[in-house]
Every structure is written in C-alpha cells, then in structure tokens.
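Okay, so here's the structure we're looking at.
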Amino acid sequence: MLPQSAGRIAPHPDILSFHGCDVVVRTINQDGFEADLSTPLMTGALVRLRLPGAGAMLARITRSDSGRIAADFVNPVPAGRLDKTIGMATRVQRVA
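Residue numbers for the sequence shown follow the working numbering, beginning at 20 and rising by one.
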C-alpha cells in the first residue's frame, strides 16, 4: 500500500511502483532531461531515470505539462557516463 502522500506525486500508482514506468527521453544533457510521459508528476518530485549502459540517475521534476516532463539531475551526470548509453556517443561535442 502506498503512503497517503503518494497521491500528490503522481495520480497513477503504477508510476510509484518499484519498477516504475517507461518514458521516451527527448533531450538529455549533463544537467537534466525532458521526456514524454502522459501522467503528470508533481513539481519537485524525485524520479529515477535508468538508461541502458549508464545506469540509474536521480532527478527532480521541474516541469510536468502537456504529456512532457522536465527534470534536473540531483548530481550532474558526467558526459562519459551518458556516452555509455546506447546511441548516445555522438551526443556530446568534445573540445579538441
């Protein structure tokens, strides 16, 4: 059973389960990400983003509207860690 405060974070209990839910990440950088998610989340809620190869990262929701969320990582994620995600190696422009 979820705590009573859970309803303020997300209206759908599956979002708050151990396994969470899938999102489509649209943009990502060292400071945060934007993703498609039809369920609105409370601004300030903590979320865990798991990326194949890069692992799990903790982030705080900064915006949730019109089927899209934005979140800032609690700790900035090094570019090298993001590069480990499949398909992300060309994402970061390196200074020569």
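Cβ atoms here follow ideal geometry from the backbone N, Cα and C, with glycine treated the same way.
Taking a contact as a CB-CB distance under 8 Å, the pair residue 79 and residue 89 does not count as one, their CB atoms being some 10 Å apart. When 86, 93, 66, 62 are compared, the shortest CA-CA separation from residue 45 is found for 86.
Taking C-beta separations shorter than 6 Å and ignoring five residues to either side along the sequence, the partners of residue 59 in its chain run 83, following chain order.
Check the Cα spacing between residue 43 and each of 50, 51, 56: the tightest is with 56. Assignment of residue 91 by DSSP, reduced to helix, strand and coil, places it in the strand class.
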